[in-house]
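S.K.: In my numbering, the protein residues as written are 20 to 449.
The beta carbon of each residue, even a glycine, is placed where N, CA and C say it ideally should be.
See the structure below:
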């Protein structure tokens, strides 16, 4: 039953977002008196329609609850008609093409404001720095702010999560995991502390008296160079070796901790709680619960920017191979996520609703950002045509050429959608 509900929820969610997107095109077209031949809710066979006597627009509801569309005179082969989209000045066409994306972003913003009003939010201010972690040694304290990771601005913890995900092993040695990154903190007194960090995980296999492998131990080494812009740079070397392997029942872990600061080393055996033996620290963020509308709206804007950045970053990672196709999910994959939320019995209905709202906001931004890509068939490619037109001194690209290129693009997008669908199904099966 929950699967059926999840599919229904996913269809409704995607349809609403698509209809809002198309409504953006529709509203902008009406403002500029461009004829819309049909505005349809859903796809497939028509089950209800009504044509406006004033505008001539056909409003319809169709049988398949998947998306919707906004059709122009151009789609009927009347690109030269005075009220067609193609006949309008370039700036009017630009507004019409971008309007759908704009409404998707606005919808995500409104959803985020409502969501954060009930849930609160996390800032980039550090809430705690556990003892014996790397950042506690270099001087990061509660109340400091994490401003950048690898030169990328951190507005919200979402930024930290997405950019720290890209910090990967840079070593081909199977017994060594090596990563390198930078962090910029703003201290409570307003000063800045730049940290250049190299993390190494060393795997050592121990042998028994007969020479057989008995167990594998892990050691963690951090090399941190700090720069506050005032005094000389400091170099910290932290080396922690597990004296006993953690288990699922472990609450404290015994390890040997060596700390070297500018060549001076101290060694001690410590009991570390949880996973602090290998933690950087300084990545626990302050939670804020407020009903101040200005603060909620302000942070909603930051959260929206973080979502847009995460989507563009993920797309770039797909292109350069940082992540593979398995990291991409289509409607089938998203339905499994919705099913996990809907079927979870340990959380309340309202928490499920807020979680789905967060998903809806993210998908809405995703839809908007994706549509602005300069790929044939998408709104972003029509913007490219307008730019080409301006470069050519007002000479438009032929509507026929635009149509052919857009059709080819849509075919490729449909093929990609099929590949992603099979990938989602394979992930579910496996």
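#1: In chain order, what are the residue ranges of uninterrupted alpha helix (DSSP H) at least 4 long that sit wholly in the segment 343–399?
#2: Please return the same chain residues whose Cβ sits closer than 8 Å to the Cβ of residue 382, not counting the five positions on each side in sequence.
#3: Using DSSP bridges, identify the partner residues of residue 62.
#4: Taking the C-alpha atoms as reference points, what is the distance between residue 392 and residue 429?
#5: Inspect the beta-carbon positions of residue 38 and residue 66 and report whether they are closer than 7 Å.
#6: Please decide whether residue 419 counts as near chain C, where near means a Cβ-Cβ distance under 7 Å.
#7: Out of curiosity, what's the CA-to-CA distance linking residue 305 and residue 412?
#8: For residue 98, which residues in the same chain have their Cβ closer than 7 Å to its Cβ, ignoring the five residues on either side in sequence?
#9: Just to confirm, is the Cβ distance from residue 111 to residue 51 under 7 Å?
#10: Per DSSP, residue 67 is paired with what?
#11: Taking the alpha-carbon positions, what's the residue 244 to residue 283 distance?
#12: I need the DSSP call for residue 143, collapsed to helix, strand or coil.
#13: If we call anything under 7 Å between Cβ atoms a contact, is residue 450 one with residue 200?
#14: Give the DSSP bridge partners of residue 285, in chain order.
#15: Going residue by residue through the segment 114–187, where are the continuous beta strand (DSSP E) segments of at least 3 residues, counting only ones entirely within it?
#16: For residue 134, does the count of other Cβ atoms within 10 angstroms reach 16, so buried, or fall short, so exposed?
#17: Which same chain residues end up closer than 7 Å to residue 443 when comparing Cβ atoms and leaving out the 5 residues on each side of it in sequence?
#18: Mapping the DSSP letters down to three states, classify residue 30 as helix, strand or coil.
#19: Taking the CB atoms as reference points, tell me whether residue 255 and residue 280 lie closer together than 7 Å.
#20: Can you tell me where the beta strand (DSSP E) with residue 256 in it begins and where it stops?
#21: Work out the CA separation of residue 101 and residue 176 for me, nearest whole Å.
#22: Quick one: Cα of residue 400 to Cα of residue 208, how far?
#23: Please classify residue 91 as buried or exposed, where buried requires at least 16 other C-beta atoms within 10 Å of its C-beta.
#24: Closest by CA to residue 82, which one among 41, 43, 386, 30?
#25: What do you reckon, are the CB atoms on residue 385 and residue 338 nearer than 7 Å?
#26: Counting Cβ pairs, one atom from each stretch, are 3 or more of them under 8 Å apart for the segment 123–139 and the segment 359–378?
M.R.: Working from what's here:
#1: For secondary structure counted as the alpha helix (DSSP H) over 4 or more consecutive residues, the segment 343–399 holds these complete runs in sequence order: 350–362, 368–390.
#2: Residue 382 sits at position 363 when you count from the first residue of the chain shown. In chain order, 32, 33, 36, 353 place their CB closer than 8 Å to the CB of residue 382, counting only its own chain and leaving out the 5 sequence neighbours on each side.
#3: Here residue 62 corresponds to residue number 43 of the chain shown, with the count starting at 1. Answer is 83, bridged to residue 62.
#4: To locate residue 392, count along the chain shown from 1; it is residue 373. To locate residue 429, count along the chain shown from 1; it is residue 410. Taking the straight line joining both Cα atoms gives about 13 Å.
#5: Locating residue 38 in the chain shown gives position 19, where the first residue counts as 1. Locating residue 66 in the chain shown gives position 47, where the first residue counts as 1. Between residue 38 and residue 66, the CB-CB gap reaches or exceeds 7 Å.
#6: Although the question refers to chain C, the structure presented lacks it and comprises just one protein chain.
#7: Counting from 1 along the chain shown, the entry for residue 305 is found at position 286. Counting from 1 along the chain shown, the entry for residue 412 is found at position 393. In this structure, the CA atom of residue 305 is about 53 Å from the CA atom of residue 412.
#8: The sequence position of residue 98 within the chain shown is 79, counting from 1. The answer, listed in chain order, is 105, 418.
#9: Walking along the chain shown from the start, residue 111 turns up at place 92. Walking along the chain shown from the start, residue 51 turns up at place 32. Closer than 7 Å, so yes.
#10: For the purposes of this step, residue 67 is taken as the residue at position 48 of the chain shown. In DSSP, residue 67 forms a bridge with 80.
#11: The sequence position of residue 244 within the chain shown is 225, counting from 1. The sequence position of residue 283 within the chain shown is 264, counting from 1. Separation of residue 244 and residue 283 (C-alpha to C-alpha, rounded to the nearest whole angstrom) is 15 Å.
#12: Working through the chain shown from its first residue, we reach residue 143 at position 124. Strand, per DSSP.
#13: Because the chain spans 20 through 449 in this model, residue 450 falls outside it and cannot be assessed.
#14: Here residue 285 is taken as the residue at index 266 of the chain shown, counted from 1. DSSP lists 278 as partners of residue 285.
#15: 140–147, 164–168, all fully within the segment 114–187.
#16: As a position in the chain shown, residue 134 is number 115, starting the count at 1. The residue is buried, with at least 16 neighbouring Cβ atoms inside 10 Å.
#17: As a position in the chain shown, residue 443 is number 424, starting the count at 1. Counting only Cβ-Cβ distances below 7 Å, and skipping sequence neighbours, we find 348, 349, 351, 352.
#18: In the chain shown, the residue the question calls residue 30 occupies position 11. Correct three-state label for residue 30: helix.
#19: Looking up residue 255 in the chain shown gives position 236. Looking up residue 280 in the chain shown gives position 261. Contact flag set, yes.
#20: Looking up residue 256 in the chain shown gives position 237. It spans 253–261 - the beta strand (DSSP E) in which residue 256 sits, taken as one unbroken run.
#21: Translated into the one-based positions of the chain shown, residue 176 becomes position 157. Translated into the one-based positions of the chain shown, residue 101 becomes position 82. So the two alpha carbons sit approximately 50 Å from each other.
#22: Counted from its first residue, the chain shown places residue 400 at position 381. Counted from its first residue, the chain shown places residue 208 at position 189. In a straight line, the C-alpha of residue 400 is about 48 Å away from that of residue 208.
#23: Within the chain shown, numbered from 1, the residue matching residue 91 stands at position 72. The residue is buried, with at least 16 neighbouring Cβ atoms inside 10 Å.
#24: On the chain shown, position 63 is the one that residue 82 refers to. Answer by Cα proximity: 30.
#25: As a first step, residue 385 must be located in the chain shown, where it is residue number 366. As a first step, residue 338 must be located in the chain shown, where it is residue number 319. For the 7 Å CB-CB criterion, residue 385 and residue 338 do not form a contact.
#26: Taking a cut-off of 8 Å on C-beta distances, the segment 123–139 touches the segment 359–378, as three or more cross pairs fall below it.
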